[in-house]
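>
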Amino acid sequence: MKKILFLILLNISAGATWLKDIPQAITQSNGMTINCFASGDQYVHRLHDRDNYTIVLNQDDGDFYYAEKYGEKLRPSPYKVGIVDPVNTELVPGLNVDNSIYSEKKEFYERNMSNRNGRDAPTSGNLIQLNIFIRFADDPNFPNNRAFYDVPFNSTTEPSIRDYYLEVSYGVLTVDTYHYPPSLFGENTSYVDEHNRGYYSPYSTTNPEGYETEDERTQREHTLLANAVIAIQNSVPEDLDIDLDDDGSVDAVSFSVYGNVDGWAELLWPHRWALYTQDVYINGAIVGDYSFELTESSYFTPGVLCHEFFHVLGAPDLYHYDGGGAPSAVGGWDVMESTANPPQYMSAFLKWKYGDWIPEIP
């Protein structure tokens, strides 16, 4: 019997963003559509209903059930979503995996992150980020033009990564994002993968093309991204300085993938990792660490993108997982604790330690 695959999905990143109540629509094997929510970060996220009862997928029958605790983990209860109101059962809302599971998975993924003296990219000068748009074989075209998607990256009149880091660095760091493939007639041209979206989701009886192991999931993601890089590498001008610190690695790479976050697919959730199983180069610089985003989600905002980009510069998250959520360490006062739109500043300490933008703490 195949192993039960839980929706407490643990993803891969040197840094995370805690997302809350992202609308989701899941489908039972009989065709019933269930509206619910996804909450969590790149390491742990879960599906839940409006009353916060956790939902998991039973891999054997392809249906969604309310969760019950099983040691440090979760498993499907006897109660199928859409049939039983969990409020009228013995089930407990807010269930999640234990801290030990979170820490174990986070450590596993972070072992493969590249480490360049404690930070991933220079914090001063004109830093170039390459952003590659991707959609799957069964996806429609991106619904908006290239100019729409460029705003949270490069706008000088609205909140953006460029505007934010120029301000918080006191004019020391300029981040320019170049999008690929090049736009045709203003449309948001993208690399189109040969596989359908389900290929990048976990296996179940209702998704037979999905992956079944962590190694298979890694291989599929890295092959997807390597192929996307190869498809656009000749479009990047040789005189574009994508390795500002001359360490042999592209300073910043992001992949913007069509669609919403998927609360039960660990791959299709915003995350950061390293392309450690593939050696692909752009103008002689290897692609190492990368960010992975889903473009049609409500989270795709300047606030979240600025949070993620500070991870590119080496900054950590300030929230802490407690087995049921992310307790606040500094409230809304720091972009690495929570994200607002427009994004709030990071603390003076983080500017000093990870940005080198303050010579000493006042």
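Going by UniProt numbering, the residue at position 281 of the sequence shown is 281; the numbering climbs one at a time, nothing skipped.
Each residue gets a CB set at the ideal place from its N, CA and C atoms; glycine is no exception.
In this text the structure is predicted, and so the values were computed from the model without any measurement.
Please specify which runs of the beta strand (DSSP E), each continuous and at least 3 residues long, are wholly inside the segment 19 to 98, giving them in chain order.
19 to 27, 33 to 40, 45 to 48, 54 to 57, 64 to 70 and 73 to 80
> Where do the N-terminal and C-terminal ends of the alpha helix (DSSP H) with Ala-329 fall, by residue?
The residue you call residue 329 lines up with position 329 of the sequence shown. It is not in any alpha helix (DSSP H) - Ala-329 carries neither H nor E in the DSSP assignment.
> Roughly how many angstroms separate the alpha carbons of Asp-139 and Tyr-276, rounded to a whole number?
Residue 139 sits at position 139 when you count from the first residue of the sequence shown. Residue 276 sits at position 276 when you count from the first residue of the sequence shown. Distance between the alpha carbons of Asp-139 and Tyr-276 is about 27 Å.
> Is the beta carbon of Phe-309 less than 9 Å from the beta carbon of Val-175?
For the purposes of this step, residue 309 is identified with residue 309 of the sequence shown, where counting begins at 1. For the purposes of this step, residue 175 is identified with residue 175 of the sequence shown, where counting begins at 1. Yes, these two residues count as a Cβ contact at 9 Å.
> Name the residue from Gln-42, Asp-41 and Gly-62 whose alpha carbon lies nearest to the alpha carbon of Met-32.
Here residue 32 is taken as the residue at index 32 of the sequence shown, counted from 1. Nearest option by C-alpha distance: Gly-62.
> Taking only runs of the alpha helix (DSSP H) that begin and end inside the segment 119 to 171, which ones reach a length of at least 4 residues, in chain order?
146 to 154 and 161 to 168
> DSSP three-state label for Leu-223, please.
Taking the sequence shown and counting its residues from 1, one reaches residue 223 at position 223. In the sequence under discussion, the amino acid at residue 223 is Thr, which differs from the Leu named in the question. Collapsing the DSSP output to three states places Thr-223 in a helix.
> Leu-74: which of Pro-93, Gly-332 and Pro-122 sits nearest, CA to CA?
One-based indexing of the sequence shown puts residue 74 at position 74. Nearest option by C-alpha distance: Pro-93.
> Would Ile-83 be called buried (16 or more neighbouring beta carbons within 10 Å of its own) or exposed?
Residue mapping note: residue 83 aligns to position 83 of the sequence shown, counting from 1. Ile-83 is exposed by the Cβ-count criterion.
> CB Val-81 to CB Ile-34, shorter than 9 Å?
Numbered from its first residue, the sequence shown carries residue 81 at position 81. Numbered from its first residue, the sequence shown carries residue 34 at position 34. A contact, by the Cβ cut-off of 9 Å.
> Does the segment 226 to 238 come within contact of the segment 264 to 274, defined as at least 3 CB pairs closer than 8 Å?
no
> Are the segment 214 to 222 and the segment 243 to 257 in contact at 8 Å, needing three or more beta carbon pairs?
no
> Could you give the distance in angstroms between the alpha-carbon of Ser-124 and the alpha-carbon of Glu-158?
Along the sequence shown, read from residue 1 onward, the residue named residue 124 stands at position 124. Along the sequence shown, read from residue 1 onward, the residue named residue 158 stands at position 158. Between Ser-124 and Glu-158, the C-alpha separation is close to 22 Å.
> Exposed or buried, Glu-337, counting other C-beta atoms within 10 Å across all chains shown (16 or more means buried)?
What you label residue 337 is simply residue 337 of the sequence shown in a count that begins at 1. With 16 or more Cβ atoms within 10 Å of its Cβ, Glu-337 is classed as buried.
> Buried or exposed, going by whether 16 or more other CB atoms sit within 10 Å of the CB of Leu-184?
In the sequence shown, the residue the question calls residue 184 occupies position 184. Burial call: exposed.
> Residues in its own chain within less than 8 Å of Asn-207 by CB, not counting five upstream and five downstream?
Numbered from 1 along the sequence shown, position 207 holds the residue referred to as residue 207. So the list reads Gly-62, Gly-198 and Ser-201, once near-sequence residues are dropped.
> Pick helix, strand or coil for residue 446, following the three-state DSSP scheme.
Only positions 1 to 362 of the chain appear in this structure, which leaves residue 446 out of reach.
> Between the beta-carbon of Arg-146 and the beta-carbon of Gly-186, is there less than 9 Å?
Along the sequence shown, one-based indexing puts residue 146 at 146. Along the sequence shown, one-based indexing puts residue 186 at 186. Yes, Cβ-Cβ distance for Arg-146 and Gly-186 is below 9 Å.
> On the three-state DSSP scale, how would you describe Val-312?
Stepping through the sequence shown from its first residue, residue 312 is reached at position 312. It is helical.
> According to DSSP, Leu-173 sits in a beta bridge with which residue or residues?
Within the sequence shown, numbered from 1, the residue matching residue 173 stands at position 173. Leu-173 pairs with Gly-125.
> Do three or more CB pairs link the segment 220 to 230 to the segment 94 to 105 at distances below 8 Å?
no
> Pop quiz: Leu-57 and Gln-24 are said to be a contact at Cβ under 8 Å. What is the actual Cβ separation, rounded to whole angstroms?
By one-based count along the sequence shown, residue 57 stands at place 57. By one-based count along the sequence shown, residue 24 stands at place 24. So it is not a contact: roughly 12 Å between Cβ atoms.
> Going by the CB atoms, is the gap between Leu-130 and Tyr-165 shorter than 9 Å?
Counting from one through the sequence shown, the residue named residue 165 turns up at place 165. Counting from one through the sequence shown, the residue named residue 130 turns up at place 130. No, these two residues do not count as a Cβ contact at 9 Å.
> Quick check on the burial criterion: 16 or more other C-beta atoms within 10 angstroms. Buried or exposed for Ala-137?
Locating residue 137 in the sequence shown gives position 137, counting from the first residue. Label assigned to Ala-137: exposed.
> Could you check if His-76 is buried or exposed, using at least 16 other CB atoms within 10 Å of its CB as the buried criterion?
Indexing the sequence shown from 1 puts residue 76 at position 76. The sequence as given places Pro at residue 76; His does not occur at that position. Label assigned to Pro-76: buried.
> Leaving out the 5 sequence neighbours to the left and right, which residues in its chain are closer than 6 Å to Thr-27 when beta-carbon positions are compared?
Within the sequence shown, residue 27 is the residue found at index 27, counting from 1. So the qualifying residues of the chain are Thr-33.
> On the DSSP bridge assignment, give the partners of Val-257 in chain order.
Position 257 of the sequence shown, counting from 1, holds the residue named residue 257. Val-257 pairs with Ile-134 and Leu-294.
> Given Val-312, which residues of its chain have a CB within under 6 Å of its CB, disregarding the five upstream and five downstream residues?
The residue given as residue 312 occupies position 312 in the sequence shown. Taken in chain order, the residues that qualify are Asp-120, Ala-121 and Ala-252.
> Within its chain, find whatever has a CB closer than 7 Å to the CB of Val-172; leave out the 5 residues flanking it on each side and keep chain order.
Translated into positions along the sequence shown, residue 172 becomes position 172. Setting aside the 5 residues that flank it on each side, Val-172 is surrounded in the same chain by Ser-124 and Trp-357, each with a C-beta closer than 7 Å to its C-beta; the list follows chain order.
> Report buried or exposed for Phe-153, applying the criterion of at least 16 other Cβ atoms within 10 angstroms of its Cβ.
For this step, residue 153 is matched to residue 153 along the sequence shown. Answer is buried; the Cβ neighbour count reaches 16.
> Can you give me the C-alpha to C-alpha distance between Asn-126 and Ile-361, rounded to a whole angstrom?
The residue labelled residue 126 in the question sits at position 126 within the sequence shown. The residue labelled residue 361 in the question sits at position 361 within the sequence shown. Answer to the nearest angstrom: the Cα atoms are 25 Å apart.
> What separation, rounded to the nearest whole angstrom, lies between the Cα atoms of Thr-205 and Phe-64?
Here residue 205 refers to the residue found at position 205 when the sequence shown is read from its first residue. Here residue 64 refers to the residue found at position 64 when the sequence shown is read from its first residue. Answer to the nearest angstrom: the Cα atoms are 12 Å apart.
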